[in-house]
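What follows is one structure encoded as C-alpha cells, with my remarks underneath.
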Amino acid sequence: MFQHLFAEMNKVLQEIVTDYPTAEGARRNELLCNYNMLHRLSDKVMDEWLAFAEKLSSFRESADFTAVVEEEVPEQEAPELCMDSFVRGQGYYKLLMYGKCIDQFKEVIAQYPDSLAARLYLAISYLQEGDGEAAWSHLNHMLGLIRETKLKAMVYNALGCIRASQERFNEAQELFDLALQHDPALPEPNVNLEVCRRRGGKLHFGNQLVSLL
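Numbering (this note's numbering), first residue to last: 239 to 451.
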C-alpha cells in the first residue's frame, strides 16, 4: 500500500543527497524546498501511523483474541513482533528516521533481549547514524543466537566492515575469513579482504543482510 509512496520519497531524498553539496542558486533552493516537503510529509505520515497504531492497540486490549491467536498464530512466531514498539520502529525505519527507530527497538530488546530482528534493526540504524561501536554490540550479540550458517556469515562480514571502517584491518581480515568459513559462496568478504590488503576502497556491507528488514 505504501511502497509506491516510500519509493518516490526515497527517490527525491537520494536526489537531494547527491546534488545538494554542489548545487547553487535556484537549484539549491529547489532542493531545499524538496527537503522541507519530505520533512513535512514524513511527519504527517508518522503522525497518522501512530494514531492508527494507538487505535489498533486500544482495540486489541479491549477485545478477546485468545481463540483467534490459538488458531492462526504459529507457536514459533516471535512474540515481540506484536509489540507496538516493534511496529512503530519498523515505521520509523522505513521513513529513514533512524534515531526514533532506535528508541523503539531499545524498548523491544529490554523485554526480548534475544530478538534477532530487533537487534538487526538496531544495528543497521546505528550504522546509519554513524555509531559503529553500538552497531557492533548488537551484531556481536546476534552471533550467539544464530544457527543458520549463511546468516552468521553475513553478520561476520558486517562486523568486518565496521572494523575495516575504523582502519583496524587485521581484525577485519579475521572477521572476513570467518564469514567465508561459514559461507564460501558469499561474495562480499572476498571483496572486503582486498580492501583490507590495499588499506582502502569501498567496503561491501551486504545487501542481503539489509534486505532481511
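The C-beta atom is built at its ideal place from N, Cα and C for all residues, glycine as well.
Nothing here was measured: the structure is a model prediction, and the numbers come from that model.
Own chain partners of TRP374 with C-beta closer than 7 Å, once the 5 adjacent residues on each side are dropped: Sequence index remark: in the sequence shown, residue 374 carries index 136 (1-based). Excluding sequence neighbours, TRP374 sits near LEU397 and ILE400.
Residues near ARG385 by beta carbon distance below 7 Å, same chain, minus five either side: Within the sequence shown, residue 385 is the residue found at index 147, counting from 1. Correct list: empty, nothing qualifies.
LEU424 - containing alpha helix (DSSP H), residue span: Numbered from 1 along the sequence shown, position 186 holds the residue referred to as residue 424. Unbroken run through LEU424: none, as it is neither H nor E.
Residue of LYS293, GLU268, ASN430 and ASP421 minimising C-alpha distance to GLN411: Sequence index remark: in the sequence shown, residue 411 carries index 173 (1-based). The candidate whose alpha carbon is nearest that of GLN411 is ASN430.
Beta-carbon proximity check, LEU383 vs ASP352, cutoff 8 Å: Indexing the sequence shown from 1 puts residue 383 at position 145. Indexing the sequence shown from 1 puts residue 352 at position 114. In this structure, ASP352 lies closer than 8 Å to LEU383 by Cβ.
Span separating the alpha-carbon of ARG278 from that of ARG406: In the sequence shown, counting from the first residue as 1, residue 278 sits at position 40. In the sequence shown, counting from the first residue as 1, residue 406 sits at position 168. Going from the Cα of ARG278 to the Cα of ARG406 covers about 41 Å.
Close Cβ partners of TYR364 (< 6 Å) along its chain, the five nearest in sequence each way excluded: As a working note, residue 364 is residue 126 in the sequence shown. Same-chain partners within the cutoff: ALA372 and ALA373.
Cβ separation of ALA316 and ALA355, assumed to be a contact under 8 Å, to the nearest whole Å: Indexing the sequence shown from 1 puts residue 316 at position 78. Indexing the sequence shown from 1 puts residue 355 at position 117. Their Cβ separation, rounded to whole angstroms, is 7 Å, which keeps ALA316 and ALA355 in contact under 8 Å.
Length of the line joining the Cα atoms of CYS271 and ILE254: Translated into positions along the sequence shown, residue 271 becomes position 33. Translated into positions along the sequence shown, residue 254 becomes position 16. Near 10 Å, if we compare the C-alpha coordinates of ILE254 and CYS271.
Inter-residue CB distance, ARG357 and MET380 (contact presumed, cutoff 8 Å): Looking up residue 357 in the sequence shown gives position 119. Looking up residue 380 in the sequence shown gives position 142. Rounded, the Cβ-Cβ distance is 5 Å, consistent with contact.
Cβ neighbour criterion (16 or more within 10 Å) applied to ALA361: For the purposes of this step, residue 361 is identified with residue 123 of the sequence shown, where counting begins at 1. By the 10 Å Cβ count, ALA361 comes out buried.
Proximity below 8 Å, CB of CYS434 to CB of ALA402: For the purposes of this step, residue 434 is identified with residue 196 of the sequence shown, where counting begins at 1. For the purposes of this step, residue 402 is identified with residue 164 of the sequence shown, where counting begins at 1. Cβ atoms of CYS434 and ALA402: closer than 8 Å.
For ALA391, the first and last residue of its enclosing alpha helix (DSSP H): Against the sequence shown, residue 391 aligns to sequence position 153. 387-403 is the extent of the alpha helix (DSSP H) around ALA391.
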